[in-house]
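In the numbering used here, the protein residues as written are 61 to 654.
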């Protein structure tokens, strides 16, 4: 018998070169040094507060390049923007700056700085208003235009954290100011921070996060029946299934196109979404006449290939995408029809999908709320909980991380809607989750990261659900930047790319041409599939004199094969799951017969 001790070590501070799938080594063999690098960069602070507090926290990074970030030195570094009057105030030992006498939305406080085109800037500030609940935006005025760094819904009598970020196309002077359309309120600001990172530092954060949250350092010890370590035993670790859910959307075209099928199934996708086939306008275009044939066939196809399916979607709040017959119904008739729809689709596929997008785009649109009532979304989740409470229920929305200037779907607005749904009577046990569609034009990478930081404070799962980039010369490079950023974020739990193939063209982004030869976007996906450890990677080597073998493995299911060097034709095979762990170190003892 060979006994295998397997240890997961999360204490390792070194970041590994992700170009290699796994990095096996023997003991302290010196060739391990070539496969890693030390990160001496300034760490990134992923924390964010979504609570309204009596006192603000200290500024992140001690304010970074902001002068007088805690207002401990009067108004030094700060001035008026527009025609606002500014004042230095103190309350219970806390000093802050106030913009009052505002006549225009942009009347506020400001600080001049210098921004560099080769830097990534993360921004934060704590905001309060004199009355009510008011959206406030942080904006940087540059020579080439105005850049929205982030926004918050500020409250009176407590402080809210605004977290955002930005890059600039050209280096030059810039001026930070705050904007609110409600000119009747004073804007109070404290604990401001603007921290620049180099591209090398930014990428080091990604490497650090991947090493910490997507991988584990596994130590295997082989011993014989007497517990004696087996030196020079051959160990082969073969990945059987990746642990991180990653996939692309599909549509009914795949059912009759073998080339499409081959392209899709030859890649290690573990999750998919049907582009249209499960939507209400597809399953009940005529009232009372349901047709699930396309969705059924797609689900069967996915099952055959062990691919999980996201249920998309139960309701879409955009009035343009409703079955035509819905629009003439009264409020009560629509409510009855909605109840029938939900129970029909969720009852049919209960236990067969991994998630439900119950409400789609209910921040930008309100078709159901306008006819049924303001609590329509919350009521739908209540119904969904009763129909399939074991499955995670998503709220799916766009521009929450894509566009910092879209005030309808900023993280604060998203979280407020989420809280409203959770607070609805009976919804406290709902398994809620955040769906970020991620339809990008030009990505603001620091804003993506900081927005996810804010959303993550809600402590529910977060997925990228419909990722694509609009057509243009930078489409593939933007896609790669976004995929690297979201995959590396410690709180992202799955990614679906929105690129279902259609001979007339994809929604916004195809991965292949009509002959299923990769486009540059498809090449990006294939390259990152490998780097993200989603392929059937292999680690192999020999145990050291103490019977140890080490490898850095991405999360997933593996098969471990050990051959006893002292016994002819003697080998043992054992399954191994490398999963996420909150422990700094986890040990597992496996015993296999040789």
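C-beta atoms are modelled at their ideal positions from N, C-alpha and C, and glycine is treated no differently.
Go ahead and label residue i buried or exposed: buried means 16 or more other beta carbons lie within 10 angstroms of its beta carbon, across all protein chains shown.
i	result
residue 417	buried
residue 255	buried
residue 93	Note on residue 93: pLDDT 30, under 50, position unreliable in the model; no value is reported.
residue 613	buried
residue 240	buried
residue 474	buried
residue 378	exposed
residue 90	Residue placement at residue 90 is flagged as unreliable, the pLDDT there being 31, under the threshold of 50; the coordinate-derived value follows with that caveat. Its Cβ having fewer than 16 others within 10 Å, residue 90 is exposed.
residue 138	buried
residue 485	exposed
residue 393	exposed
residue 605	exposed
residue 364	exposed
residue 236	buried
residue 549	buried
residue 103	exposed
residue 577	exposed
residue 620	buried
residue 495	buried
Taking just the CA atoms, how far does residue j sit from residue i?
i	j	result
residue 185	residue 564	47 Å
residue 320	residue 329	14 Å
residue 455	residue 136	44 Å
residue 397	residue 350	12 Å
residue 515	residue 466	16 Å
residue 656	residue 247	As displayed, the chain neither begins before 61 nor continues past 654, which places residue 656 out of reach and without an answer.
residue 540	residue 534	10 Å
residue 81	residue 591	Residue placement at residue 81 cannot be trusted, given a pLDDT of 29 that sits under 50; what the coordinates show is reported in the next sentence. In a straight line, the C-alpha of residue 81 is about 6 Å away from that of residue 591.
residue 622	residue 536	42 Å
residue 501	residue 587	22 Å
residue 640	residue 275	8 Å
residue 415	residue 435	22 Å
residue 354	residue 406	16 Å
residue 87	residue 327	Confidence at residue 87 is low in this model, with a pLDDT of 35, below 50, so the placement of that residue is unreliable and no value is reported for it.
residue 268	residue 545	12 Å
residue 332	residue 317	17 Å
residue 401	residue 408	11 Å
residue 472	residue 511	9 Å
residue 99	residue 375	Caution applies to residue 99, whose pLDDT of 40 falls short of 50 and renders its modelled position unreliable; the model cannot decide the point.
residue 250	residue 188	9 Å
residue 370	residue 413	6 Å
residue 123	residue 203	24 Å
residue 211	residue 146	21 Å
residue 513	residue 579	32 Å
residue 477	residue 164	28 Å
residue 572	residue 583	9 Å
residue 598	residue 638	14 Å
Tell me whether the beta-carbon of residue i lies closer than 8 Å to the beta-carbon of residue j.
i	j	result
residue 194	residue 207	no
residue 175	residue 234	yes
residue 306	residue 615	no
residue 383	residue 335	no
residue 503	residue 538	yes
residue 214	residue 200	no
residue 527	residue 558	yes
residue 232	residue 181	no
residue 311	residue 337	yes
residue 530	residue 479	no
residue 386	residue 358	no
residue 632	residue 295	no
residue 422	residue 404	no
residue 445	residue 490	yes
residue 492	residue 293	no
Any heavy atom of the ligand NAD closer than 7 Å to the Cβ of residue i?
i	result
residue 573	Because no ligand of any kind appears in the structure shown, any question about the ligand NAD cannot be addressed here.
Hey, does residue i have any beta-carbon neighbour from chain D nearer than 8 Å?
i	result
residue 337	The structure shown contains no chain D, having only a single protein chain.
Q. Counting pairs of Cβ atoms below 8 Å between the stretch 257-266 and the stretch 146-155, do you hit three or more?
A. no
Q.
If we require 3 or more residues per run, which beta strand (DSSP E) segments fall completely within the stretch 552-584?
A. 552-557
Q | At least 3 beta-carbon pairs within less than 8 Å: the stretch 534-553 vs the stretch 280-297 | A | no
**Q.** Within the stretch 197-273, ranges of the alpha helix (DSSP H) (whole runs, at least 4 residues)
**A.** 259-273
Q. Would you call the stretch 218-228 and the stretch 158-172 touching, i.e. three or more CB-CB distances under 8 Å?
A. no
Q) If you scan the stretch 295-356 from start to end, which runs of the alpha helix (DSSP H) of 4 or more residues do you find wholly inside it? A) 318-325, 340-343
Q.
So within the stretch 410-438, which uninterrupted beta strand (DSSP E) runs reach at least 3 residues, ignoring any that extend past its ends?
A. 415-420
Q | Within the stretch 154-200, ranges of the beta strand (DSSP E) (whole runs, at least 3 residues) | A | 154-160, 168-175, 179-189
**Q.** Length-filtered (4 minimum) alpha helix (DSSP H) runs lying within the stretch 491-522
**A.** 505-516
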